[in-house]
Ligand code: F6P
Ligand code: MN
């Protein structure tokens, strides 16, 4: 993991990174407010991964593109919903999954935005990330940020004192840090695995049977929500390689790398089944990859299980 500290060892915050998180935070309440009327499929084609797009995905993508390309020091806006990068000048490439878990819109369950801030152009490995995080549109709007200062959870509000007045600062929202220097709980309690059991490989199925005896299932069908269970309680989240889809479902640049970065910064581990997600060499912008993240001992065990092949 590269360090972004200063010579004296203290963390130096990067104003561009901060401005990106300000923009993500500012859009979160707007995205939330726009969702009630956007629970239907969007007009137009599938996304570059061949998935049905919801109107909420398209709305969030447009809003985030406008907000992020306006940030000085952002060179490219790269979205799961767009075939190619949108040029924004010189600077970081900001990779966005605008509305992860949007298939939860119809059933009104959690979703959020995933962000990875990369040095240089994409595709790149996760080693080029300088910061990453995600918002969670749950009962509370939160943002988990992994930057030079470590990993923290913030609450995002438009009206923090609840008096009906918009008390937001100039960025449109208030950001309150509610937990700093987050590390994964050392005594893991939860797991969440995506995909249908019949589609799992025999090795993963055997691993899952063991984990079911040890941990409690927490699976809601959105990566950000399910990963946040692991961030909060410790455990393991996986969207594994499937029999007919050896690369799984999640996208390396927009989903797996940012989440792996957050979890590794918290002292946890990430894997594609064989090594850290952050070392996976991409071929294209929309590559998929199996994702296993959580407490190191649990991730080591899945690597051991898959090595039996
Ligand atoms: O972005 C893809 C996604 O919606 C993730 O948020 C989630 O982890 C996964 O797909 C859910 O897939 P499934 O419905 O197959 O469990
Ligand atoms: Mn997603």
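Residue numbers (the numbering used here): 66 to 374. In this text, a Cβ means the ideal position worked out from N, Cα and C, and glycines have one as well.
Where residue i sits in the DSSP three-state scheme
{"i": "residue 335", "result": "strand"}
{"i": "residue 311", "result": "coil"}
{"i": "residue 222", "result": "strand"}
{"i": "residue 284", "result": "coil"}
{"i": "residue 347", "result": "coil"}
{"i": "residue 342", "result": "helix"}
{"i": "residue 134", "result": "helix"}
{"i": "residue 114", "result": "coil"}
{"i": "residue 103", "result": "coil"}
{"i": "residue 205", "result": "coil"}
{"i": "residue 167", "result": "helix"}
{"i": "residue 212", "result": "strand"}
{"i": "residue 153", "result": "coil"}
{"i": "residue 189", "result": "coil"}
{"i": "residue 266", "result": "coil"}
{"i": "residue 248", "result": "coil"}
{"i": "residue 200", "result": "strand"}
{"i": "residue 109", "result": "coil"}
{"i": "residue 238", "result": "coil"}
{"i": "residue 352", "result": "coil"}
{"i": "residue 261", "result": "coil"}
Range of the contiguous alpha helix (DSSP H) that encloses residue i
{"i": "residue 89", "result": "80 to 99"}
Beta-carbon proximity list for residue i, same chain, < 6 Å, skipping 5 on both sides
{"i": "residue 189", "result": "183"}
{"i": "residue 199", "result": "177, 179, 209 and 289"}
{"i": "residue 134", "result": "142 and 153"}
{"i": "residue 150", "result": "141 and 143"}
{"i": "residue 103", "result": "120, 121 and 124"}
{"i": "residue 363", "result": "301"}
{"i": "residue 276", "result": "256"}
{"i": "residue 246", "result": "215"}
{"i": "residue 222", "result": "239"}
{"i": "residue 259", "result": "304"}
Same chain only: Cβ atoms within 8 Å of residue i, ignoring 5 sequence neighbours per side
{"i": "residue 290", "result": "166, 169, 174, 175, 176, 177, 201 and 203"}
{"i": "residue 91", "result": "132, 236, 237 and 238"}
{"i": "residue 354", "result": "312, 313, 315, 316, 317, 321, 337, 342 and 345"}
{"i": "residue 282", "result": "255, 256 and 257"}
{"i": "residue 79", "result": "69, 195, 196, 212 and 213"}
{"i": "residue 358", "result": "292, 295, 301, 302, 303, 324, 325, 328, 333, 334, 335, 336, 342 and 364"}
{"i": "residue 298", "result": "250, 253, 254, 255 and 283"}
Which listed residue (the options) has its alpha carbon closest to that of residue i
{"i": "residue 261", "options": "253, 279, 309 and 237", "result": "309"}
{"i": "residue 146", "options": "83, 134, 129 and 311", "result": "129"}
{"i": "residue 114", "options": "88, 148 and 89", "result": "148"}
{"i": "residue 215", "options": "330, 339, 352 and 367", "result": "330"}
{"i": "residue 158", "options": "187, 136, 137 and 171", "result": "187"}
{"i": "residue 127", "options": "96, 300, 258 and 246", "result": "96"}
{"i": "residue 347", "options": "246, 319 and 243", "result": "319"}
{"i": "residue 205", "options": "213, 224 and 277", "result": "224"}
{"i": "residue 46", "options": "83, 109, 181 and 297", "result": "Absent from the model: residue 46. The displayed extent of the chain is 66 to 374, so no value can be given."}
{"i": "residue 87", "options": "191, 219 and 243", "result": "219"}
{"i": "residue 243", "options": "217, 268, 259 and 263", "result": "217"}
{"i": "residue 161", "options": "139, 370, 367 and 267", "result": "139"}
Element boundaries [beta strand (DSSP E), containing residue i]
{"i": "residue 176", "result": "It is not in any beta strand (DSSP E) - residue 176 carries neither H nor E in the DSSP assignment."}
{"i": "residue 316", "result": "No beta strand (DSSP E) contains residue 316, which DSSP labels as neither H nor E."}
{"i": "residue 371", "result": "Segment 361 to 372 is the alpha helix (DSSP H) holding residue 371; no beta strand (DSSP E) there."}
{"i": "residue 147", "result": "Per DSSP, residue 147 belongs to no beta strand (DSSP E) and is neither H nor E."}
{"i": "residue 257", "result": "255 to 258"}
{"i": "residue 300", "result": "300 to 304"}
7 Å CB neighbourhood of residue i in its chain, flanking five on each side removed
{"i": "residue 351", "result": "113, 114 and 316"}
{"i": "residue 117", "result": "106 and 111"}
{"i": "residue 122", "result": "107, 146, 163, 164 and 167"}
Legend entry - For review: beta carbons within less than 6 Å of any heavy atom in the ligand MN: 162, 165, 288 and 320
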